[in-house]
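Please read the structure below before turning to the comments.
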Amino acid sequence: MGRAAAQAEGRGVSEGIGHRFDQPLAGGETARFFQLPAAEAVECLVARFHTHAYAPHTHDDYVIGAVVAGRELFKVGREAGAAAPGDLFMIEPGLVHDGAPGPQGYVYRMTYPSPGLLQAMASEVAERAMSAPRFARPLVHDPELAARLAALHEAGAAGADRLAVDQAMLSVMGAIIARHGDGGTPVAAALARAPGGEAQAIARALDHIDAHFADAIDLATLAGVAGLPRVRLIRAMRRQTGLTPHAHLIDRRVREARRLLARGTAPAEAALACGFCDQSHLNRAFKARIGVTPGQFGRARA
Numbered sequence: 001m002g003r004a005a006a007q008a009e010g011r012g013v014s015e016g017i018g019h020r021f022d023q024p025l026a027g028g029e030t031a032r033f034f035q036l037p038a039a040e041a042v043e044c045l046v047a048r049f050h051t052h053a054y055a056p057h058t059h060d061d062y063v064i065g066a067v068v069a070g071r072e073l074f075k076v077g078r079e080a081g082a083a084a085p086g087d088l089f090m091i092e093p094g095l096v097h098d099g100a101p102g103p104q105g106y107v108y109r110m111t112y113p114s115p116g117l118l119q120a121m122a123s124e125v126a127e128r129a130m131s132a133p134r135f136a137r138p139l140v141h142d143p144e145l146a147a148r149l150a151a152l153h154e155a156g157a158a159g160a161d162r163l164a165v166d167q168a169m170l171s172v173m174g175a176i177i178a179r180h181g182d183g184g185t186p187v188a189a190a191l192a193r194a195p196g197g198e199a200q201a202i203a204r205a206l207d208h209i210d211a212h213f214a215d216a217i218d219l220a221t222l223a224g225v226a227g228l229p230r231v232r233l234i235r236a237m238r239r240q241t242g243l244t245p246h247a248h249l250i251d252r253r254v255r256e257a258r259r260l261l262a263r264g265t266a267p268a269e270a271a272l273a274c275g276f277c278d279q280s281h282l283n284r285a286f287k288a289r290i291g292v293t294p295g296q297f298g299r300a301r302a
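Residue numbers for the sequence shown follow the UniProt record's numbering, so the first one is 1 and each next one is one higher.
Here is the structure:
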């Protein structure tokens, strides 16, 4: 649902994927596309509709999303119904579906992961090579995962750190596959084993974070350095060190910022030098770990 609408908020009729919309967005309706800043860019849509109806259409990718307000009337394959807050859509590639607003309209958040991405996630959850997952039902009621998916959307739209988005996406999509999918079916290829064992794999990942903390590190790159699947990397690092890869990255950035601030560097300059997207992100991370804001720390050292 929705990706066929590549139109800006409230502007005219746009060409869709596989069909053309038969009406423009009405006043008060919005549709905004953005990409999650992950290793494999994942397109997302957040929209508010109260008159717009989708023509039946399909996607090359999965459609995974949640209604966050109102009710959406839908037909997916042979199943028809109404989606409300707490419901989770899981539509497989190529499955015909449509969508229309209930009496009060609706707001929803949709995510479009590729079959290759979900196949990789299913393989990492199972720790063996698996096919892309299948979902028995296109809609389930799962308030917890619907809320987690919405939070992932909000973090991505707000420009959250790439590694944080990677971890959250893997966690949410992995949970959706495990809870509502068939997990995929085993395929012949085997997942690579980490050279030197798990402890050395974690050491390689930590060395990479230490050397590249100011860069936009993604989970796929870090997993490649470690030689571990992403899910196993997160679990193993948390088990061995008490922190996830993203927590280690933020910790390393804060330690470097502290060093720069002690030398008289302005907080805004320290934030950019350490890989934070702006000073407000540094402020939150620094105070959570040091107990004072960067400005307070700098003034105390002056």
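Where a beta carbon is used, it is the ideal one built from N, C-alpha and C, also for glycine. Quick caveat, the model's predicted, so the values are computed rather than measured.
Look at the alpha carbon of residue i and the alpha carbon of residue j, and state the distance between them as a whole number of angstroms.
i, j, result
"G70", "T241", "43 angstroms"
"L95", "A175", "22 angstroms"
"D22", "Y54", "Because the pLDDT at D22 is just 35, under 50, the model does not fix this residue reliably, and the value given afterwards should be weighed accordingly. Approximately 9 angstroms between the Cα atoms of the pair."
"A150", "R252", "28 angstroms"
"Y62", "R134", "10 angstroms"
"K287", "V172", "28 angstroms"
"M110", "L45", "5 angstroms"
"R162", "D218", "6 angstroms"
"A271", "R259", "12 angstroms"
"H141", "H180", "10 angstroms"
"M130", "Q119", "6 angstroms"
"P113", "V231", "17 angstroms"
"P103", "E29", "14 angstroms"
"I91", "A47", "18 angstroms"
Hey, residue i and residue j are a contact pair by Cβ (cut 8 angstroms); roughly how many whole angstroms apart?
i, j, result
"V67", "D87", "6 angstroms"
"G81", "F89", "At roughly 11 angstroms, the Cβ-Cβ gap does not stay under 8 angstroms, so G81 and F89 are not in contact."
"P267", "G227", "The pair is not a contact, with the Cβ atoms about 37 angstroms apart (cut-off 8 angstroms)."
From this set, the options, which residue's C-alpha is nearest residue i's C-alpha?
i, options, result
"A205", "G181, D182, L233 and A214", "L233"
"Y106", "A84, S123 and P143", "A84"
"M121", "R259, H141, R255 and E40", "E40"
"A273", "G156, F213 and L118", "F213"
"D215", "R238, A201 and L249", "L249"
"G116", "R299, D60 and Y108", "D60"
"D247", "E269, R289, P229 and C277", "Checking the displayed sequence, the identity of residue 247 turns out to be Ala instead of Asp. Comparing Cα-Cα distances from A247 to each of E269, R289, P229 and C277, the minimum goes to R289."
"F34", "N283, L261, G156 and A160", "G156"
"M169", "E43, R48, A31 and E256", "E43"
Start and end of the alpha helix (DSSP H) containing residue i?
i, result
"G174", "R162 to H180"
"M237", "R230 to T241"
"T221", "L219 to A226"
"F89", "No alpha helix (DSSP H) contains F89, which is instead part of the beta strand (DSSP E) from D87 to I91."
Residue range of the beta strand (DSSP E) that residue i falls in?
i, result
"F33", "T30 to L36"
"M130", "Looking at the DSSP string, M130 is not in any beta strand (DSSP E), and its letter there is neither H nor E."
"D251", "Looking at the DSSP string, D251 is not in any beta strand (DSSP E); the run it does join, the alpha helix (DSSP H), is P245 to A262."
Residue i: buried (16+ other C-beta within 10 angstroms of its C-beta) or exposed?
i, result
"G279", "Rather than Gly, the amino acid found at residue 279 in this sequence is Gln. Answer is buried; the Cβ neighbour count reaches 16."
"A223", "buried"
"A158", "exposed"
"P143", "exposed"
"Q167", "buried"
"T244", "buried"
"P138", "buried"
"P56", "exposed"
"A136", "exposed"
"A285", "buried"
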